[in-house]
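Presented below is the structure to which this report refers.
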Amino acid sequence: GTRLAYAPSAAWVARADAIRSVGGFDDELRYGEDVDLLWRLAGAGRTARFEPRSVVLHRVRPTVMAWAEQRFRYGTSAAPLAVRHPGALAPVAVSPWSLAAWAAAALGHPSLGAGLAAGSTAALARRLNVADPGAEALRLAGRGHALAGPQLARGMIRPWWPVTTALALRSGRARRLAVAGLLACVAHRWSRPNRTGRGIGDERRGRWIAVRAAVAGAGLAVADDVAYSAGVWWGLASEVRRRPATARDAAGSLLPRLGGIGGPGERVAERLRSATKRGERA
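This is the structure in structure tokens:
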């Protein structure tokens, strides 16, 4: 199977001794207790498997406001989880090179951004032990930078929207970046399956349903991001007030995680180096 960063946990089938071995659910957590337990089980070497064929039905919130409140409450769990699992709740994971390159481009210096991206490619090439390190570095670093852009754009709307809003009120460039982030969020949601309404009724009716679904889905996607992120900020403030010593870890629910040269591409490069070393030893 494939490793997942998140697994829906509306229903569990678990070994009681495994749950007891890690202390069960944390009574201090009103929200996010299932995520915390799952991560503790994984940390203890237990295996958790997500079964997508299982279908569990439950009542949904009856109004949009009730749904938004639910998303807000879920967001408040991020800071306590970040304290219990440092580094696991970063809303964005990119390399410092990617962050610097995209930041330079966003601030109106695309040439500097391109130069930073090229520098990361050269640095990665020197670390690769393959037949054509230049081409491989270009592919890996390019993929890392390409994936980092939409992540950072979505970050402006989801975790960092209060900052984005404050800047957009004062700067035309910030407003354009906010629009780009908004479009990235909508595109991300639209790219998920079952979002278009296709296959319902005749072709004309199906197209009309698709349009309505796109408009409604875009609005709900933004509302979802705003409500959840408001909860993240509220939860962070509450956590810091209650436990000032945890402020650094709690802030991990809003700060990007930086590492590697080419983001995801760098992790692939690490695997290539490991495979090469194993081959040399053999």
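So the sequence shown is numbered by our numbering: it starts at 16 and just counts up by one.
All C-beta atoms in this analysis are idealised placements derived from N, C-alpha and C, irrespective of residue type, glycine included.
Since this is a predicted model, take the numbers as computed values, not measurements.
Note that the C-beta distance between A132 and A116 is below 8 Å. T180: member of the alpha helix (DSSP H) spanning 176-183, first to last residue. The Cβ atoms of A26 and S69 sit closer than 8 Å to each other. When the Cα atoms are used, A118 and L72 turn out to be separated by approximately 43 Å. Beta-bridge analysis with DSSP links V109 to L273. The Cβ-Cβ distance between V109 and L167 falls below 8 Å. Within the region 26-84, the complete alpha helix (DSSP H) segments at least 4 residues long are 31-36, 48-58, listed from N- to C-terminus. DSSP, reduced to helix, strand and coil, places A119 within a helical segment of the structure shown.
For the 8 Å CB-CB criterion, G170 and L96 do not form a contact.
With fewer than 16 other Cβ atoms from the protein chains shown falling within 10 Å of its own Cβ, P259 counts as exposed.
For R272 against A105, the beta-carbon gap comes to about 4 Å, under 8 Å, which counts as contact. One Cα belongs to A121, the other to A238, and the distance between them is close to 25 Å.
Comparing alpha-carbon positions, the option among L155, A262, A236, R158 lying closest to V79 turns out to be A236.
Taking the Cα positions, R99 is about 8 Å away from D51.
For G102, the secondary structure class from DSSP, reduced to helix, strand or coil, is coil. When only Cα atoms are considered, V178 and V145 end up about 43 Å apart. In the three-state scheme derived from DSSP, where H, G and I count as helix and E and B as strand, V194 is classed as helix. V28 counts as exposed, since fewer than 16 other C-beta atoms from the protein chains shown sit within 10 angstroms of its C-beta. Boundaries of the alpha helix (DSSP H) harbouring S135: 125-140, taken from the DSSP string.
Fully contained in the region 143-175 are the following alpha helix (DSSP H) runs of length 4 or more, in chain order: 148-172.
When secondary structure is reduced to three states using DSSP, R18 falls in the coil class, being assigned neither helix nor strand. Membership of R263 in the alpha helix (DSSP H) is indicated by the continuous run 262-265. Counting every other CB atom within 10 Å of its CB across the protein chains shown gives E43 a total below 16, marking it as exposed.
Per the coordinates, the alpha-carbon of V241 lies some 23 Å from the alpha-carbon of R263.
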